[in-house]
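In what follows, a single structure is set out as structure tokens and then discussed.
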Amino acid sequence: MRVEWKVDPVVNRMLWERLSLRPKETMARIHPDFVLDLGGGSGDFASPLMEGGRTTVISLDTDLEVLKNRVEGVQAVLGDATNLPFKDSSMDGVTARAILHHFPGRMDECLAEVKRVLRDEGLFLVQEPLAHNFFANMARRYFSTERHEAGEQPLDPAHLYEAVNDQFSPEWKEHHFLLSYLLPHITYRVPGTLKGMARRFSRFATRLDEALLGTMPGLRRYSAYMTILGRKASGLPGK
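Each residue of the sequence shown is one higher than the last, beginning at 196 in this note's numbering.
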């Protein structure tokens, strides 16, 4: 069944605020001049880096229409993530949220291109949906939305980490959303009289997720999302 992508803003912020802060938190230490937001659309994921006026954020996407609606100040480039139209070592950082699972068979090509355009000690921040979360898989199977494309395939966490590790020196990884992934969508559809209760439950579920994923490593395989920060070590070849 096809449903509209609608979320409760309070619960959505509750779940995603921490993940959305990661570009600014991680890239600040390298004081980047140029950051590429891979498959970035509007560029909203990396756009907070522009605060202060030092960093230029470039959103690369295959969709011209979403690039036209980019965040003010973000530079737009129409292009292919597996064949980046940038010079070697031209970027200080690269961000990528929910892009690699759109072409899982060409992920290694994309990561090699990211390494090529990153300067030595540049950072690569990637966030991707994962393949083994029960609730996310049920939703994708029975309640697809206009944001889901044919051919996209959430990734196995071990495979994703290994692919990033092949090209970069991993700094850290995080797992997100064990039970709570669908709660923004569910809460949106709850009657108004029950909205407050649904939001309180969502806060509890979010904290429970963090506790379970933090203390029970065996459950991380079943999380719905993963963040990895990789670094291009000095002296690594671009290709």
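Cβ atoms here follow ideal geometry from the backbone N, Cα and C, with glycine treated the same way.
Going by DSSP in three states, residue i sits in which element: helix, strand or coil?
i	result
GLU199	coil
VAL205	helix
PHE399	helix
TYR420	strand
LYS282	coil
ALA406	helix
LEU373	coil
PHE338	coil
ARG292	strand
PRO227	coil
GLY236	coil
ARG394	helix
ARG426	strand
Report all residues from its chain with a CB closer than 7 Å to the CB of residue i; omit the five preceding and five following residues, and keep chain order.
i	result
ILE294	LEU233, GLY234, ALA276
GLU347	HIS296, HIS297
LEU403	LEU374
Who are the Cβ neighbours of residue i in its own chain at under 6 Å, not counting the five residues just before and after it?
i	result
PRO349	HIS296, PRO324, LEU325, ALA326
PHE440	There is no way to answer for residue 440, as the model of the chain reaches only from 196 to 434.
HIS370	LEU408, ARG415, SER418, MET421
PRO243	LYS219
PHE229	THR251, MET286, ASP287
VAL321	ALA291, ILE423
Terminal residues of the continuous alpha helix (DSSP H) containing residue i?
i	result
ASP361	352-362
HIS327	Neither: HIS327 is in no alpha helix (DSSP H) and is coded neither H nor E.
For residue i and residue j, which I take to be in contact (beta-carbon distance under 8 Å), what is that distance rounded to the nearest angstrom?
i	j	result
ASP203	PRO379	5 Å
In the DSSP assignment, find the beta strand (DSSP E) that holds residue i and state where it starts and stops.
i	result
GLU323	313-324
Report all residues from its chain with a CB closer than 8 Å to the CB of residue i; omit the five preceding and five following residues, and keep chain order.
i	result
LYS201	HIS380, TYR383, ARG384
GLU344	HIS297
Less than 7 Å separating the Cβ of residue i from some heavy atom of the ligand ZN?
i	result
PRO204	For the structure depicted, the ligand ZN is absent and the ligand set is empty, with no information on it obtainable.
Exercise for the section: Jot down the residue ranges of each uninterrupted alpha helix (DSSP H) in the stretch 242-279, minimum 4 residues, whole runs only, in chain order. Expected result: Contiguous alpha helix (DSSP H) elements confined to the stretch 242-279 occur at 259-263, taking only those with 4 or more residues.
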